[in-house]
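Input: a single structure, listed below in structure tokens.
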Amino acid sequence: MNRSKISPYASLNEELWISKTEELIKQHPLSEKEIVQLCLDSWENIFSSRIGNLQIGKNFFPSPQIVGALLHALIPANIEARFENWQGEKNKYDKDIVYIKDDYYSIELKTSSDPKYIFGNRSYAQPQDGITGKSKNGYYLTINFEKFMPDLKLRPEIKIIRFGWLDHTDWIAQTAATGQQARLSPEAYRSKLKILYQK
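Here's what the structure looks like:
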């Protein structure tokens with residue numbers, strides 16, 4: 001059976017979740033320091049990027065959606081370049097960052113320009129059947145970053161980097177019929193995602 005289908009938090013009371021999260025992070029192939037450095041280096045890569053005669057952060061100020069997409073491309077690429085047995089997503093069954101030796105340690109990446117919170121598609125709150133797509137349970141790396149504000153001439157920064165384990169039950173889908181978003185429960189922020197970096 002796929003180990004990620006069985007929550008490491010199953011049958012644990014919430015007061016034990018933080019220690020379980022620490023245990024899961026310690027057993028992960030990437031250290032906390034490596035994860036933070038990869039994220040910060042990928043952020044720096046964005047500002048050294050040019051599109052034609054335009055330089056990001058100087059005379060081109062992409063939307064948060066584009067910045068998030070760049071992080072989604074750069075972080076897996078940097079991990080793959082630095083560490084053996086890692087690669088970016090290759091098919092719809094893959095997590096965003098794939099650990100080739102053992103998919104249990106593969107990582108889903110979420111980014112947001114919200115100062116504190118992370119959001120996902122409402123499908124993240126649905127049980128995963130293991131056939132139609134990638135598992136929603138497993139390791140998550142989340143990044144909150146500032147938006148470009150050209151008028152203030154301030155360079156945006158990464159504000160929060162979190163790492164931990166989430167299950168589909170940690171996501172709360174919008175109840176409106178037209179709502180397509182899901183948010184994380186307070187318990188997930190409190191006990192299942194560890195803050196590795198905050199500015």
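Residue 76 in our numbering sits at position 76 of the sequence shown, with consecutive numbering throughout. All C-beta atoms, glycine included, are put in the ideal place defined by N, C-alpha and C.
Strictly by DSSP, which residues pair up with residue i?
i, result
"residue 183", "119, 172"
"residue 32", "BP columns for residue 32 are empty, so no partner."
"residue 88", "97"
"residue 43", "Beta-bridge pairing links residue 43 to no other residue."
"residue 142", "110, 162"
"residue 60", "56"
"residue 6", "None, per the DSSP bridge assignment."
When you compare the CB positions of residue i and residue j, do they come within less than 8 angstroms of one another, or not?
i, j, result
"residue 89", "residue 76", "yes"
"residue 68", "residue 111", "yes"
"residue 142", "residue 118", "yes"
"residue 115", "residue 137", "no"
"residue 56", "residue 62", "yes"
Taking the continuous beta strand (DSSP E) assigned at residue i, which residues delimit it?
i, result
"residue 112", "107-112"
"residue 194", "193-198"
Since residue i contacts residue j with CB under 8 angstroms, what's their CB separation in whole angstroms?
i, j, result
"residue 202", "residue 124", "Lying before the first or after the last residue shown, residue 202 is absent from the chain, which here runs from 1 to 199."
"residue 160", "residue 107", "Contact flag wrong, Cβ pair sits at about 16 angstroms."
"residue 192", "residue 166", "6 angstroms"
"residue 32", "residue 25", "7 angstroms"
CB-CB under 6 angstroms to residue i, same chain, minus the five flanking residues each way: which ones, in chain order?
i, result
"residue 173", "122, 125, 182"
Near residue i, what residues of its chain come up, given a Cβ to Cβ distance below 8 angstroms and the 5 sequence neighbours on each side ignored?
i, result
"residue 155", "47, 57"
Under DSSP, the alpha helix (DSSP H) around residue i begins and ends at which residues?
i, result
"residue 65", "64-82"
"residue 25", "17-26"
Give every residue of the same chain whose Cβ lies closer than 7 angstroms to the Cβ of residue i, excluding the five residues on either side of it in the sequence, and list them in chain order.
i, result
"residue 49", "56"
"residue 1", "Low confidence applies here, because residue 1 scores a pLDDT of 46, under 50, leaving its location unreliable and the question unanswered by this model."
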